[in-house]
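Remarks on the structure that follows.
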Amino acid sequence: MSTNFLNGGHIPACLLPFNDDLSIDEVSLRAHLSDVASVDGVVAITVNGHASEVASCSFEEQQRVLQIAVDEIGIQTPVVNGLYTESGLQAMKIAKMSRESGAQAMLVFPPGVISIGQRPEMLLDFFKRIEDSSDGLPIILYQFPVKSNLAYPLSTLMELVEKVPSIRAVKDNCGDPQLHERQIRLLHSQKNPVTIFTTQSAWLMASLAIGADGLLSGMGSVAADMQVKMYNAIKANDLKQAKEIQEFMFPLTEVFYNDPWTDMHNRLFAFKGVEKI
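Heads up: the sequence shown runs through residues 106 to 382, numbered per this note's numbering.
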């Protein structure tokens, strides 16, 4: 399958429905995946991200979620698998599983135990292990908010993209418009330009106007059609249409992206009409 989706476009991060006993509701998951993937303009789907409770899922559950996604939509829609762990050995295991289970790329979350120290050589080793264990499966690096203290310093980010060829894109959630633009300009200026998928959904119009190539967002699990329209309007330089779409989206983003942020995905579930424990 082509990896053209890594050049830009909309990649929703899907939700994960559960049964009352907290087992995965596979029937609802399949329906949700098919529903989101059917939206015109969606170029890929992400599973095992924050929106699908990756931090609470076992390795076996993560593998099953990926297998279901590949089985349900993988023929027509590329699947990106989240890689979330503090352990280098576990990262290697998930990377290998991602390749073997049919993922077309990985979304790699920052390992907090390493990132807090900001030792670039440790992070480089972490990503190299992932690259080697997955036989070079493309990586979307997740840049966390600056306020989380887990964001990669700009110098570290540039070193990673220069020394790890599998890093083809960055999901940027830095939360700082000035830094966001600086990162976009620097990553686009590389010999092999790096794609920027914004996840600044609370200010999506501005982020896309600054120069992001696409978006990778949990909000896409419930509002992919609106986000695709915004993406298309900005790419067409149609500010009038973009502002009209923004007026419609603003009340939603005000609800979804508000304190406490830990309830963000609960709100998405409520909007979708899916009960979540």
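Every residue, glycine too, gets a C-beta built ideally from N, C-alpha and C.
**OP:** Check each candidate in Ser306, Phe374 and Gly316 and name the one with the smallest Cα separation from Met331.
**Re:** Ranking the options by Cα distance to Met331, first place goes to Ser306.
Original post:
Under a Cβ-count criterion, where at least 16 other Cβ atoms within 10 Å of its own Cβ denotes burial, should Ile382 be classed as buried or exposed?
Top reply: Bear in mind that a pLDDT of 35 at Ile382, under 50, signals an unreliable position, so the number given afterwards is only what the model happens to contain. So Ile382 ends up on the exposed side.
Original post:
If you run the structure through DSSP and keep just helix, strand and coil, what is Ala329?
Top reply: The answer is helix: DSSP assigns Ala329 an H, G or I state.
Original post:
Quick one: Cα of Gly113 to Cα of Leu194, how far?
Top reply: Each residue's Cα considered, the two are about 31 Å apart.
**OP:** Just list the beta strand (DSSP E) runs in the region 215-258, keeping only unbroken ones of 3 residues or longer that don't cross its boundaries, in chain order.
**Re:** Entirely contained in the region 215-258, the beta strand (DSSP E) runs reaching 3 residues are, in chain order, 244-248.
**OP:** Could you pull the start and end residues of the alpha helix (DSSP H) that Asp140 belongs to?
**Re:** Start and end: Glu131 to Ala142.
**OP:** Going by CA-CA distance only, name the one from Val148, Lys252 and Phe249 that's closest to Gln181.
**Re:** Cα-wise, what sits closest to Gln181 is Val148.
Subject >> Range covered by the beta strand (DSSP E) that runs through Asp277 >> reply: Its beta strand (DSSP E) spans residues Ile272 to Asp277.
Original post:
Is the region 165-178 touching the region 130-147, taking contact as three or more C-beta pairs under 8 Å?
Top reply: Pairwise C-beta distances place the region 165-178 in contact with the region 130-147, as three or more of them are shorter than 8 Å.
**OP:** Please determine, among Leu171, His370 and Tyr189, the residue with the shortest C-alpha to C-alpha distance to Arg204.
**Re:** Just measuring C-alpha positions, the residue of Leu171, His370 and Tyr189 sitting nearest Arg204 is Leu171.
Subject >> CB-CB length for Ile235 against Ala208, believed under 8 Å >> reply: Between Ile235 and Ala208, the beta carbon gap of about 12 Å keeps them out of contact (Cβ cut-off 8 Å).
Original post:
So Ser203 is in the alpha helix (DSSP H); what residue range does that whole segment cover?
Top reply: Taken as a continuous stretch (DSSP letters only), the alpha helix (DSSP H) holding Ser203 covers Gly193 to Ser206.
**OP:** Would you be able to state if there are at least three C-beta pairs under 8 Å between the region 288-299 and the region 325-345?
**Re:** As far as the Cβ criterion goes, the region 325-345 does not touch the region 288-299, which means the pair count is below three.
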